[in-house]
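full-length UniProt numbering numbers the first residue of the sequence shown as 1 and each following residue consecutively.
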Amino acid sequence: MASPSMDDTAYLPVTGDSLRHTQATATRERLPVAESSRFESAFNTISIQSQRNRVSYYTEAYLDSSPMAEEEISSNETATLHLREASPSGSKRKPQKKSLKWWWWWEIAGSLISIISISLIVPVLKMVDNKPLDVWSYSIRPNSLISVLTTISKSSMTVSTASCLGQLKWDHFQYRPNPLDHLQIYDDASRGPWGSFLLLCTGRLRVVTAWAIALVTLVALGIEPSAQQILETPTRQSLLPNITAQIGIAKNYSSEGIVSDSQFYWGGTKRVPAAGLLNLQTAIASGIVGSVPPVNFYCPPPSTQCTWPPFSTLAVCSNFSNLTNIVKPDCTTNKYKSTTWGLDMVSDVPAARLDGIRRLFTGDVLSSVEIHDPQPFSITWNYCIKTYSKVLASPTGIHTVEYTSTPLLHNDSIPAGIQRWNSFSNPSSNTIFNLTSSVQTGLWQQLSNLLSREIAAPFTTDSMVADFSVGEFMLYADLAKMTRNIEETLSNQIRSSSPGDNGWAEMWAGQAFYEETYWHVNWSWILLPVIEVLLAASLLVISITFTRDQPLFKSSALALLYHGFDDIGKDSDLRGDWDNNPDNLENMAKYVDVELKEDSNGSLKFVKVAHSL
Numbered sequence: 001m002a003s004p005s006m007d008d009t010a011y012l013p014v015t016g017d018s019l020r021h022t023q024a025t026a027t028r029e030r031l032p033v034a035e036s037s038r039f040e041s042a043f044n045t046i047s048i049q050s051q052r053n054r055v056s057y058y059t060e061a062y063l064d065s066s067p068m069a070e071e072e073i074s075s076n077e078t079a080t081l082h083l084r085e086a087s088p089s090g091s092k093r094k095p096q097k098k099s100l101k102w103w104w105w106w107e108i109a110g111s112l113i114s115i116i117s118i119s120l121i122v123p124v125l126k127m128v129d130n131k132p133l134d135v136w137s138y139s140i141r142p143n144s145l146i147s148v149l150t151t152i153s154k155s156s157m158t159v160s161t162a163s164c165l166g167q168l169k170w171d172h173f174q175y176r177p178n179p180l181d182h183l184q185i186y187d188d189a190s191r192g193p194w195g196s197f198l199l200l201c202t203g204r205l206r207v208v209t210a211w212a213i214a215l216v217t218l219v220a221l222g223i224e225p226s227a228q229q230i231l232e233t234p235t236r237q238s239l240l241p242n243i244t245a246q247i248g249i250a251k252n253y254s255s256e257g258i259v260s261d262s263q264f265y266w267g268g269t270k271r272v273p274a275a276g277l278l279n280l281q282t283a284i285a286s287g288i289v290g291s292v293p294p295v296n297f298y299c300p301p302p303s304t305q306c307t308w309p310p311f312s313t314l315a316v317c318s319n320f321s322n323l324t325n326i327v328k329p330d331c332t333t334n335k336y337k338s339t340t341w342g343l344d345m346v347s348d349v350p351a352a353r354l355d356g357i358r359r360l361f362t363g364d365v366l367s368s369v370e371i372h373d374p375q376p377f378s379i380t381w382n383y384c385i386k387t388y389s390k391v392l393a394s395p396t397g398i399h400t401v402e403y404t405s406t407p408l409l410h411n412d413s414i415p416a417g418i419q420r421w422n423s424f425s426n427p428s429s430n431t432i433f434n435l436t437s438s439v440q441t442g443l444w445q446q447l448s449n450l451l452s453r454e455i456a457a458p459f460t461t462d463s464m465v466a467d468f469s470v471g472e473f474m475l476y477a478d479l480a481k482m483t484r485n486i487e488e489t490l491s492n493q494i495r496s497s498s499p500g501d502n503g504w505a506e507m508w509a510g511q512a513f514y515e516e517t518y519w520h521v522n523w524s525w526i527l528l529p530v531i532e533v534l535l536a537a538s539l540l541v542i543s544i545t546f547t548r549d550q551p552l553f554k555s556s557a558l559a560l561l562y563h564g565f566d567d568i569g570k571d572s573d574l575r576g577d578w579d580n581n582p583d584n585l586e587n588m589a590k591y592v593d594v595e596l597k598e599d600s601n602g603s604l605k606f607v608k609v610a611h612s613l
């Protein structure tokens, strides 16, 4: 093979082991004009050799012309730049082995990181589920840690979904012709949710795998909002182990205000003066007007709620009935006729009297007096047993009370008054309740004395002085409500000792609770991130399987340049002008069908095919 002349090859001297400057020109004077116009690309081969270090740079030159001689010129410190002839036009490139360095390793690693990150959320949630806030001792809060893990999982997942869409783009054109604008649709879909949304909205692009990946990319927008809903911090009532709630109950009743020095106590005739009587009377009066003294209970801060197990206690039960439609009063009044002169009344004349009935009086002095029909009522109070099934209290008071009442069964074999107390039993249990003889009848005597009053309408101002009496209050009060208030007042007095009227009262133990903030896991909200990650991993496996026989280009922009259109200069539909914009290019691409296949030289190129409507 002849050596090239100085006109064909330029020699570049190199000193040392480094190449400082290269410049070579290859003349085409010997090539015909027609062949010179077919010169498309040139790749040069630079061979640099030295005694101590040989560095070879190979740049191939392909000329679509007749073969040229190739010669290697070497020296100790001299480099020669020359042209290497191209392969004949009819020959094809030898297929190269696929490099494992540029396989799906990054996508597989991203998918594994995504699965691991989303899996780490589960033990974190189990660690804090239904636990108090202070059980977490780390500096980063659980919700922040979940946010970090979901962000890592989502970001790693998008690596595989973007590459899958990029690789499916080549599969879309390799086995069948498709409109050129599908190339743009795939490229946009691999960039994010908006492109994926457009891919789903495109009716012409019917590829199940691509649609599934686009759907996963679009739904991934809900991963962060779902992660924020996984953990919440509600409050609940938690037990205080060092505090015992207490509430008053009574198995026996010995009054502090109604005391007798004789065991034969009948009707209060042998009552001994006691300082506690005024306290009992004051409590009853307060209950009559609506301020019921509470039962003794203990529910201290920091507790916010106290509860007690069911218990039974001595109490008072009442019954109120309106007898207006049952009892017909039969009252007669004297009639007076006034004279033509005035009449001085030395004493007050009772105009109305209350003996267990209500009578309203209206009238004018020195005129006829009209008395309305009385309103009869029936009110009774008795000792009973109250069984409380639900009692809720707070440091401010008792708020919820649910109970049932049963009458006491008296032991008739022992007459009342023979001993200092009388025994009673509960029909539903064998519990014995004891009442001292003084309170068995003495309490009702005190209540009767307090409520039995006469109300008069005086004709003179001499009798306008008011004493301590509940008669006037009862005349205008809601008697049914007053009856319930007295029942509750007496029951609380029996169940309380100080303050209270029962020296034998006891305290019933309960539980104290405080308001605790805790972690609550909504497990349903973690389903979306988990399903997204698993679907993305599955679609990665499917994409690897479907495209295993294809060149692995993924989303490479260089691949589009190297494997561009075949004979682009001969087709006006494949040429772009300076005045083109993305809209024009997209409209042009809709009517151009291309297919990715080998050209005459064995290179993959986008080849235009006949457009099918």
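Just so it is clear, CB atoms sit at the ideal spot from N, CA and C, and this is done for glycine as well.
- Residue pairing by DSSP places methionine 507 opposite Gly248 in a beta bridge.
- Across the set Cys164, Ser497, Thr380, Glu224, the C-alpha of Cys164 shows the shortest separation from the C-alpha of aspartate 187.
- Under the DSSP definition of a beta bridge, glycine 397 partners with Ser394.
- Per DSSP, the continuous beta strand (DSSP E) segment holding alanine 315 begins and ends at 311-322.
- Serine 429 counts as exposed, since fewer than 16 other C-beta atoms from the protein chains shown sit within 10 angstroms of its C-beta.
- Given a length threshold of 4 residues, each whole run of the alpha helix (DSSP H) inside the segment 527-554 is given here in chain order: 527-546.
- Around valine 219, the same chain offers Leu528, Glu532 as residues with beta carbons nearer than 8 Å, after the five sequence neighbours per side are excluded.
- In the three-state reduction of the DSSP assignment, cysteine 384 falls in the strand class.
- With a cutoff of 8 Å on beta-carbon distance, leucine 199 and alanine 189 are scored as near each other.
- The shortest CA-to-CA distance from tyrosine 476 to any of Ile288, Val135, Gly166 is the one to Ile288.
- By the Cβ rule, the segment 486-499 counts as touching the segment 308-319, because three or more pairs are nearer than 8 Å.
- Apart from the 5 residues on each side of it in sequence, phenylalanine 546 sits with its Cβ closer than 7 Å to the Cβ of Asp171, Thr209 in its chain, given in chain order.
- Here the alpha carbons of cysteine 306 and proline 407 stand approximately 28 Å from one another.
- Comparing C-alpha distances from glutamate 256 to each of Lys481, Val439, Thr400 shows the shortest one belongs to Val439.
- Beta-bridge partners of isoleucine 108 (DSSP): none assigned.
- Residue Ala162 holds the alpha-carbon nearest to the alpha-carbon of serine 555 among Ser423, Ile121, Ala162.
- DSSP links arginine 271 through a beta bridge to Ser260.
- Counting every other CB atom within 10 Å of its CB across the protein chains shown gives cysteine 384 a total of 16 or more, marking it as buried.
- Annotation: asparagine 422 to tyrosine 253 spans about 10 Å, alpha carbon to alpha carbon.
- The beta carbon of valine 401 sits closer than 7 Å to the beta carbons of Tyr388, Val391 from its chain, once the five residues preceding and following it are set aside; these are given in chain order.
- With contacts defined by Cβ atoms closer than 8 Å, isoleucine 247 and valine 292 do not form a contacting pair.
- Just so you know, the alpha carbons of alanine 275 and isoleucine 284 end up roughly 15 Å apart.
- Distance from the CA atom of threonine 304 to the CA atom of leucine 409, rounded to whole angstroms, is 39 Å.
- In this chain, the alpha helix (DSSP H) harbouring threonine 161 covers 142-174.
- In the structure shown, tryptophan 194 falls within a helical segment according to DSSP collapsed to helix, strand and coil.
- Going by C-alpha positions, methionine 157 is about 20 Å away from serine 144.
- When only Cα atoms are considered, tryptophan 381 and glutamate 472 end up about 21 Å apart.
- A residue is called buried when at least 16 other Cβ atoms come within 10 angstroms of its Cβ; leucine 539 meets this threshold and is buried.
- The beta carbon of arginine 236 sits closer than 7 Å to those of Glu516, Tyr518, all from its chain and outside the five residues before and after it, given in chain order.
- By the criterion of a C-beta distance shorter than 7 Å, tyrosine 298 is surrounded in its chain by Ala245, Gln246, once the five residues flanking it on both sides are discounted.
- Taking proline 301 as reference, the option from Trp211, Gly397, Glu224, Leu221 with the minimal CA-CA separation is Gly397.
- Residue state for alanine 214 is assigned as helix, using DSSP reduced to three classes.
- Taking the Cβ atoms as the reference, leucine 239 lies roughly 6 Å from phenylalanine 513, within the contact range of under 8 Å.
- Under the three-state reduction of DSSP, threonine 404 is assigned to strand.
- Collapsing the DSSP output to three states places valine 521 in a strand.
- Annotated three-state conformation of leucine 180 is coil, per DSSP.
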